[in-house]
Each structure stands twice: as C-alpha cells, then as structure tokens.
Amino acid sequence: MADDKLQLYLAHRPALVDYAAPIVGCRARAEDVVQEAWLRFSRQADEADIRHPASYLYRIVRNLALDQTRRTATEKAQPGGDELLAELPASTASPEQAVSQQSELAAISRALEELPLRTRTAFEMHRLGGHTLQQVANHLEVSVSLVHQLVRDALAHCLAQLEDEL
C-alpha cells in the first residue's frame, strides 16, 4: 500500500504544485506545501478507509496552502509580531509591586478613617462611588462648593499620609 501511495504522489506531484502555486503565490512555497502534504499523506495508516486517495491528497494540499497564505498574511500585517509580544510587560504586578500597592492601600484606608465623617462620605461618594459633586451635595444637604472643598481636603490628607508612610 505504501508503494501505491508513493506512485499516486509521484504521478500527481506536478499537478499538485500547479494547484498550490496560485494559492500561496509562489512556486517555491507551493513545492514546500506539496512536500508537507506528502508527509502527511504518507503517515496515514494503510487501514485508513480513503476512497479517493487522489482527491484526499489534493484536499491536504489545498488546506496546507490556505494555512500558508493565512500565516503569510499575518506576518505581513505585523512583521516581528512575536518579538513585540515577548517584549510587552506582564499584565500582572510583580510581587514587589503587589506588596507596595497593598501598603499604599492600607495607608489610604487609615487616612480615610482619620477624616471627619462628612469629609470621608463626600470623598468616597465622589472619588470612589462616581457621584457628581451635585449628587453628593444633595445627599449631604450642603452646597456644591463645600463638597468640592471637602473632597479636596480629603485628597490632600490622603496624599500627605501616603508621603509620610512611604
């Protein structure tokens, strides 16, 4: 059966290269695709039920040629893309950064606890809760300018605490 596969391949090889060349855009790449197709075709178990071996071989060539075309298009769209990906920083913090961030959060939390209730509420609603100054003013039943001052005071206090602790 292996000899039958080889004979089939050799008989269709020039036609397979002609078939792949327009898909990949180059006869040299078509030769590579046909060679890869032969390797895949020859590895098929002799017991495999392939009713139309020539059609199967053409299908392998077509699929490999299309894969090659996609790969080439991707490389043209982003040359050196693999190298660029390797240089990107990790999306997670390093252990040192994580510890530093945790200590900063703890310092801010302590600073917020030191604030008067109204100042802390104004800050948390506006800066952490995303409420507008007007919404905070309505909630606290004070003027917008007073809310602005409260938020600014809270922020200054938190920054001062951060500087002292770090």
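In terms of full-length UniProt numbering, the sequence shown has 160 at position 160, counting the first letter as 1, and numbering is strictly consecutive. Note that CB positions come from ideal geometry on N, CA and C, so glycine has one too.
DSSP-derived helix/strand/coil call for residue i
i           : result
residue 167 : Residue coverage of the chain in this structure runs from 1 to 166, which leaves residue 167 outside it and unanswerable.
residue 60  : helix
residue 3   : helix
residue 13  : helix
residue 69  : helix
residue 132 : coil
residue 139 : helix
residue 161 : helix
residue 50  : coil
residue 92  : coil
Distance, residue j Cα to residue i Cα
i           : j          : result
residue 127 : residue 29 : 59 Å
residue 69  : residue 23 : 7 Å
residue 66  : residue 10 : 22 Å
8 Å contact criterion, which residue i and residue j should meet: CB distance rounded
i           : j           : result
residue 137 : residue 147 : 5 Å
residue 53  : residue 6   : Contact flag wrong, Cβ pair sits at about 11 Å.
Touching or not, the region 98–106 and the region 119–136, by the rule of three or more beta carbon pairs under 8 Å?
-> no
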